[in-house]
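Chemist: Structure provided below as structure tokens; questions to follow.
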Amino acid sequence: MKLIFLGPPGAGKGTLAGFVSKEYTIPQISTGDIFRDAIKRETDLGKKVKEIVGRGDLVPDELTVSLVRERLDQPDAAGGYILDGFPRTIPQAGELDKFQTIDAVINFSITDKAVIERLSGREVCKSCGAIYNVKNMPSRVKGVCDKCGGALYTRPDDTLESITNRLDVYKKQTEPLISYYRKKKLLRDVDSSKTPEETMTQIRKILGKSK
Ligand code: ADP
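Convert by adding 29 to the 1-based position in the sequence shown; the result is the number in this note's numbering.
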């Protein structure tokens with residue numbers, strides 16, 4: 030099962046990709062996580078993309094595509110995967126088409142207002158990447174991950190300025206992918222304004238039962 034999760038920032042792609050990855054035992058490949066990890070480890074890639082990611086702009090297509098291509102060559106991706114946050118532009122999608130056949134594109138829809146509310150309260154676990162929200166999905170103990178006990182932090186690009194820019198970038202550069210994949214009859218819509226569990230129920234209906 031080769032899947033793409035498409036949608037604006039804050040739509041819940043990362044949270045749901047985590048659920049789907051576990052239930053259907055396919056890896057979650059998040060370009061955002063790859064970039065954040067490189068920034069944290071201060072690798073050459075990290076140094077290159079730090080400012081771009083902080084502003085909420087897109088990393089150049091060529092760099093992003095070559096990273097994804099390398100990742101998809103890993104043996105664990107042979108049986109399927111979830112691409113979370115890729116492709117984000119028409120050229121990225123065109124390149125992906127040259128070397129992969131995608132089974133479905135899950136399109137997460139949500140209003141701008143809800144996105145801003147979610148992202149401005151988001152917290153992420155430093156160790157396992159689990160996602161919380163101080164307002165509507167808090168951890169049991171403040172600042173501590175329920176799943177692994179790791180410390181929670183606020184992403185540096187979850188400032189109001191960067192969130193607004195990411196929404197803008199999404200509309201200009203990523204939203205055209207909706208009609209791109211609709212034309213290919215791959216698009217499956219989910220309403221992600223509800224709880225993650227409710228969104229998961231919709232996704233299960235689309236994907237069918239796990240093995
Ligand atoms: P979001 O919560 O905004 O969906 P992600 O974790 O998916 O965030 O991505 C964080 C940042 O990483 C983006 O704002 C962008 O700078 C960079 N990034 C992630 N995926 C891509 C991509 N496919 N193309 C270009 N830049 C990307």
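Idealized CB from N, CA, C, for every residue including glycine.
Taking Lys176 as the reference, give the member of Lys155, Val163, Arg195, Val134 with the closest Cα.
Modeler: On the sequence shown, residue 176 is found 147 positions in, with the first residue counted as 1. Checking every option, the nearest Cα to that of Lys176 belongs to Lys155.
Chemist: Return the Cβ separation of Asp7 and Leu236 in integer angstroms, given the expectation that the two are a contact with Cβ distance under 8 Å.
Modeler: The first residue shown for the chain is 30 and the last is 240, placing residue 7 beyond what the model contains.
Chemist: In the structure shown, what three-state DSSP assignment does Phe48 receive?
Modeler: One-based indexing of the sequence shown puts residue 48 at position 19. Phe48 falls in the helix class under three-state DSSP.
Chemist: In chain order, what residues of the same chain have a beta carbon less than 7 Å from the beta carbon of Val198, not counting five sequence neighbours either side?
Modeler: Counting from 1 along the sequence shown, the entry for residue 198 is found at position 169. The answer, listed in chain order, is Gly85, Asp86, Leu87.
Chemist: Three Cβ pairs or more, each shorter than 8 Å: is that satisfied between the segment 87 to 102 and the segment 161 to 179?
Modeler: Output reads no: the segment 161 to 179 does not touch the segment 87 to 102.
Chemist: Taking 8 Å as the threshold (C-beta atoms), are Ile111 and Ile55 in contact?
Modeler: Translated into the one-based positions of the sequence shown, residue 55 becomes position 26. Translated into the one-based positions of the sequence shown, residue 111 becomes position 82. Yes, the pair counts as a contact, with Cβ atoms nearer than the cut-off.
Chemist: For Ile119, report the span of its alpha helix (DSSP H) as first-last.
Modeler: Within the sequence shown, residue 119 is the residue found at index 90, counting from 1. Looking at the DSSP string, the run of the alpha helix (DSSP H) that includes Ile119 is 119 to 128.
Chemist: Leaving aside the five residues before and after Val117 along the sequence, list all residues of the same chain whose C-beta is less than 7 Å from its C-beta, in chain order.
Modeler: Numbered from 1 along the sequence shown, position 88 holds the residue referred to as residue 117. Strictly speaking, residue 117 in this sequence is Arg, with Val absent from that position. Same-chain partners within the cutoff: Leu87, Gln202, Thr203.
Chemist: Using only the alpha-carbon positions, how far apart do Leu35 and Thr44 sit?
Modeler: Taking the first residue of the sequence shown as position 1, residue 35 is located at position 6. Taking the first residue of the sequence shown as position 1, residue 44 is located at position 15. Each residue's alpha carbon lies about 13 Å from the other.
Chemist: Measuring only the C-alpha atoms, how far is Arg184 from Glu152?
Modeler: Position 155 of the sequence shown, counted from the first residue, corresponds to residue 184. Position 123 of the sequence shown, counted from the first residue, corresponds to residue 152. Using only the alpha carbons, I get a separation of about 7 Å.
Chemist: What does the alpha-carbon distance come out to for the pair Val82 and Ser50?
Modeler: Mapped onto the sequence shown, residue 82 falls at position 53. Mapped onto the sequence shown, residue 50 falls at position 21. The straight-line gap from Cα to Cα measures roughly 25 Å.
Chemist: Look up Met166 in the DSSP assignment and say whether it is helix, strand or coil.
Modeler: Here residue 166 refers to the residue found at position 137 when the sequence shown is read from its first residue. Met166: strand per DSSP, three-state reduction.
Chemist: Would you call the segment 54 to 70 and the segment 163 to 170 touching, i.e. three or more CB-CB distances under 8 Å?
Modeler: No, because fewer than three Cβ pairs between the segment 54 to 70 and the segment 163 to 170 fall closer than 8 Å, the two stretches do not touch.
Chemist: Going by DSSP, which residues form a beta bridge with Asp113?
Modeler: Residue 113 sits at position 84 when you count from the first residue of the sequence shown. Its beta-bridge partners are Phe34, Ser59.
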